[in-house]
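Okay, so here's the structure we're looking at.
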Amino acid sequence: MKSGILAGILLATMTAAAALAQSGAPIKLANVAELSGGGATVGTNWKNGIDLAIEEVNAKGGVLGRKLEVTHADSQSNPGVARAQVQKALDGEPYVLLGPGYSGSVKVTAPLAAEAGIAQIMGGEAAELTQGGNKFLFRTSFGQQSSMPKVAKYINDEVKAKSVAIVWVNNDFGRGGRDVITKEFAKLGIKVAADLSTEAGQADFAADVSKIKAAAPDAVFIYLNEEESARILKELKRQGVTVPLIGETTLVGQKVVELAGDAANGARGHVGLTTDAPVDLIKAFREKFSKKYNYVPDHNGLKGYLAIYMIKATTEKMGKVDSKAFADNLHGLTIKAASEPGILMDATFDKNGDIDRQGFLVEIVDGKQIIKQVLPKLN
Amino acid sequence: MLDLLIAGLATGAIYAIVAVGFTLLWQTSQTINFAQGEFVMLPAFLMLAAMHVGAPFWLAIVIGMLLSLLLLGLGFKMLLVDPMLRHGVLPLAIATMALAIGIKEAVKQFFSAEASPFPSIVPAGDISILGRQVALQSVGVLALAIAAVVGLTMLLNRTSIGHQMQATAQNPTVARIIGIPVERMILMTFLINAFLVALASLLITPIYLAKFSSGEVLGQAAFIAAIVGGFNQVRGAIAGGLLIGVVDNLAAAYVSTQYRAAVPMVLLILIILLRPQGLLGRAEERTV
Numbered sequence: 000m001k002s003g004i005l006a007g008i009l010l011a012t013m014t015a016a017a018a019l020a021q022s023g024a025p026i027k028l029a030n031v032a033e034l035s036g037g038g039a040t041v042g043t044n045w046k047n048g049i050d051l052a053i054e055e056v057n058a059k060g061g062v063l064g065r066k067l068e069v070t071h072a073d074s075q076s077n078p079g080v081a082r083a084q085v086q087k088a089l090d091g092e093p094y095v096l097l098g099p100g101y102s103g104s105v106k107v108t109a110p111l112a113a114e115a116g117i118a119q120i121m122g123g124e125a126a127e128l129t130q131g132g133n134k135f136l137f138r139t140s141f142g143q144q145s146s147m148p149k150v151a152k153y154i155n156d157e158v159k160a161k162s163v164a165i166v167w168v169n170n171d172f173g174r175g176g177r178d179v180i181t182k183e184f185a186k187l188g189i190k191v192a193a194d195l196s197t198e199a200g201q202a203d204f205a206a207d208v209s210k211i212k213a214a215a216p217d218a219v220f221i222y223l224n225e226e227e228s229a230r231i232l233k234e235l236k237r238q239g240v241t242v243p244l245i246g247e248t249t250l251v252g253q254k255v256v257e258l259a260g261d262a263a264n265g266a267r268g269h270v271g272l273t274t275d276a277p278v279d280l281i282k283a284f285r286e287k288f289s290k291k292y293n294y295v296p297d298h299n300g301l302k303g304y305l306a307i308y309m310i311k312a313t314t315e316k317m318g319k320v321d322s323k324a325f326a327d328n329l330h331g332l333t334i335k336a337a338s339e340p341g342i343l344m345d346a347t348f349d350k351n352g353d354i355d356r357q358g359f360l361v362e363i364v365d366g367k368q369i370i371k372q373v374l375p376k377l378n
Numbered sequence: 002m003l004d005l006l007i008a009g010l011a012t013g014a015i016y017a018i019v020a021v022g023f024t025l026l027w028q029t030s031q032t033i034n035f036a037q038g039e040f041v042m043l044p045a046f047l048m049l050a051a052m053h054v055g056a057p058f059w060l061a062i063v064i065g066m067l068l069s070l071l072l073l074g075l076g077f078k079m080l081l082v083d084p085m086l087r088h089g090v091l092p093l094a095i096a097t098m099a100l101a102i103g104i105k106e107a108v109k110q111f112f113s114a115e116a117s118p119f120p121s122i123v124p125a126g127d128i129s130i131l132g133r134q135v136a137l138q139s140v141g142v143l144a145l146a147i148a149a150v151v152g153l154t155m156l157l158n159r160t161s162i163g164h165q166m167q168a169t170a171q172n173p174t175v176a177r178i179i180g181i182p183v184e185r186m187i188l189m190t191f192l193i194n195a196f197l198v199a200l201a202s203l204l205i206t207p208i209y210l211a212k213f214s215s216g217e218v219l220g221q222a223a224f225i226a227a228i229v230g231g232f233n234q235v236r237g238a239i240a241g242g243l244l245i246g247v248v249d250n251l252a253a254a255y256v257s258t259q260y261r262a263a264v265p266m267v268l269l270i271l272i273i274l275l276r277p278q279g280l281l282g283r284a285e286e287r288t289v
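Protein sequences, first through last, are from chains A and B. Heads up, the first sequence is in the numbering used here, so the first residue is 0 and it goes up one at a time. Heads up, the second sequence is in the numbering used here, so the first residue is 2 and it goes up one at a time.
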């Protein structure tokens, strides 16, 4: 009898302890990003944004009373390595998978996360990523199918260019953007004066710029990653190209300004996210980030930060930590900055995992991003 | 076309400087330095580090140069080449490959995997050549590189030290017999190589940006340049460097950006097949 009571007490204690451990255990997240290689700028900003947001969330008591915990793995900007790292991360059964930032790496890792039934919040912008019916993939920024039409319209309406040289990086990201913008140019009757593919990590752009000069376009559309953007801007300046230089986020990011110096002045681009946005919450983010890491973040820092608040808002809406139900709940969700300041701007996620939010048109003036236009949220 | 040619010559001149160092090491101590590209990458980071602790640019250049002489000249010879060379040329070549990885990873670890901007010693702006606007940077790089190469050639051909170095390169045994301090001459070539890579670093980094991986392309280009020009001749390395720079730029413009890296390789294969001693090299016979 006595032993029965003892056993009962023991069992009850163990169950209680297990329940306590369950509710108090940290929520595990896994991040796989470009921490070295060509995408190091992207991955490092993304990682720092994540760390900053997690620190804030945990300081305020975590999500549903549980702390967030993240592991970081380096994809070396290589899709093959990214795939191996994501497989390893998924084996650890994270609540949500974060990253990668490069579209090529997202493309090869998304099937793994979908198969495991784990939501993947990533930084890739290639149009095709969310068009394959993957129910677990979410963007933190605009896909090319939403940003390129805006850029093409700007080149047509505001710059009034009749012929444009396109310089793109020969990877999934670059090819995706080039394909979408070429179609948009065709619709608007804009001639493609030169169609130049370049390599990721390319150091020397003298030949490409010579070709641009020979084609004499009204404007140049540049769609490269940050480091290569900086190198081509320097070369364009060196060879005295003076026509408008227009691109997307990767042409007018902070890192590009830092690397290209004076040569970045005058570059214009459509930016879904910018730390120079005239939005108070973003200004506050920029200040916190700069204080912690000693440099001004680019949009990838914002993306990493937002990813964590997407997880927080979705989980709090569900009222439970359930990795299987996470993706369903984030589809169709509108997160308002008024109720979740960490999301920084109102954002809606559609059934494909694409994001709708306001955007900006910026120009680099004296080494600073100046917002020229605010493009409103579509829905 | 003129732009392309000047840009190609400017890049080629930097390849030439690196390739000359390559051939010097080979001639005096049978060292095939596969870390030569990383040797070009590192001085820029040493200069950046000096600037980071508050040194002005000119002082950072001086510090970077001195540290290069110390690490990439003296240190490289004493800590890696001397102990390895007695085991043969191949183990040493493999050791330099390991060194290349070591330098790259160390820079990634201590500095950053991200690219950093690097100031240019040549001011921005254009000058007019033959009625065309040409970037001052390209011309400046070309001029400095030519000055370095001319200086080096004069040192080798016109001075007593230069003659002693050449004698050491041609036949160390005889050189020793006639009283040339062979060891010192060999060290001298290592120091010259260290100076050349630091200079190349100073010239190329403003264009390529300071990045741990930027030595890969340079090392390969310099290696090809050295073989194409003639591995045992300084003037061969210079010609090879200039040629590779120009060919690379023209290939990118007129063939395709994707295949640009392959064109110098094709050139390399042709040279190996048709003129194995290189464009300006002399045939060398070795007892096996």
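Beta carbons are placed, not taken as given, at the ideal position from N, Cα and C, and that holds for glycine. None of these values were measured; they are calculated from a predicted model.
Beta-carbon spacing of residue i, residue j below 9 Å
i	j	result
B:Ser61	B:Phe112	In the sequence under discussion, the amino acid at residue 61 of chain B is Ala, which differs from the Ser named in the question. No, these two residues do not count as a Cβ contact at 9 Å.
B:Val248	B:Leu268	yes
B:Ile239	B:Ala17	yes
B:Gly279	B:Asn233	yes
A:Glu339	A:Lys311	yes
A:Leu381	A:Ala29	Residue 381 of chain A cannot be examined here, being either before or after the span of chain A that is shown, 0 to 378.
B:Leu73	B:Ala252	no
B:Gly246	B:Thr24	no
B:Ile162	B:Leu156	yes
A:Trp45	A:Asn293	no
B:Ala136	B:Ala125	yes
B:Phe213	B:Phe77	no
A:Phe141	A:Asp297	no
A:Lys190	A:Ser162	yes
A:Tyr304	A:Ala72	no
B:Gly241	B:Ala226	yes
A:Ile165	A:Tyr222	yes
A:Glu343	A:Ala336	At residue 343 of chain A the sequence reads Leu, which differs from the Glu that was named. Yes, the pair counts as a contact, with Cβ atoms nearer than the cut-off.
A:Thr249	A:Glu286	no
DSSP state of residue i mapped onto helix, strand, coil
i	result
B:Ile273	helix
B:Val136	The residue asked about is misnamed: residue 136 of chain B is Ala in this sequence, not Val. If DSSP states are grouped into helix, strand and coil, B:Ala136 belongs with the strands.
A:Thr347	strand
A:Asn328	helix
B:Ala11	helix
A:Asp279	helix
B:Gln259	coil
A:Ser145	helix
A:Lys134	coil
B:Glu184	helix
A:Gly358	strand
A:Ser289	helix
B:His88	coil
Contact list for residue i against chain A, beta-carbon separation under 8 Å
i	result
B:Ser215	Ala202
B:Ala146	In chain order: nothing, as chain A lies at least about 15 Å away.
Cross-strand partners of residue i (DSSP beta bridge)
i	result
A:Asp171	DSSP output for A:Asp171 lists no bridge partner at all.
A:Leu97	A:Asn30, A:Ile120
B:Lys78	Partner(s): none; B:Lys78 has no beta bridge.
Contacts that residue i makes with chain B (C-beta to C-beta distance below 8 Å)
i	result
A:Lys210	Ala254
A:Thr197	Thr258
Neighbouring residues, chain B, relative to residue i (Cβ below 7 Å)
i	result
A:Gly260	Pro118
A:Asp171	Per Cβ cutoff of 7 Å: no residues; A:Asp171 is ~16 Å from chain B at best.
A:Gln238	Asp4, Ala136
A:Leu34	Ala114
A:Glu226	Ala116, Leu210
Distance cut-off 8 Å: residue i Cβ against heavy atoms of the ligand MN
i	result
A:Ala213	In terms of ligand content, the structure shown is empty, and the ligand MN therefore cannot be addressed.
Neighbouring residues, chain A, relative to residue i (Cβ below 9 Å)
i	result
B:Thr206	Neighbours of B:Thr206 on chain A: none; closest Cβ ~10 Å, over 9 Å.
B:Tyr209	Ala202, Asp203, Arg230
Proximal residues of chain B, C-beta to C-beta of residue i below 9 Å
i	result
A:Gly48	Residues of chain B passing the Cβ test: none, with the nearest at roughly 15 Å.
A:Thr248	Going along chain B, no residue has its Cβ under 9 Å from A:Thr248, so there is no contact; the nearest lies around 17 Å.
Cross-chain neighbours of residue i in chain A, by beta carbon under 7 Å
i	result
B:Ala8	Ala205
B:Val218	Ala202
At least 3 beta-carbon pairs within less than 8 Å: the region 117–127 of chain B vs the region 353–364 of chain A: no
The region 162–180 of chain A in contact with the region 196–206 of chain A per 3-pair CB rule at 8 Å: yes
Meets three-Cβ-pair contact criterion under 8 Å: the region 105–113 of chain A and the region 84–95 of chain A: yes
Contact the region 318–333 of chain A vs the region 267–285 of chain A: 3+ CB pairs below 8 Å: no
Validate contact between the region 230–245 of chain A and the region 196–212 of chain B using beta carbons, cut 8 Å, 3 pairs: Contact holds: three or more Cβ-Cβ distances are below 8 Å.
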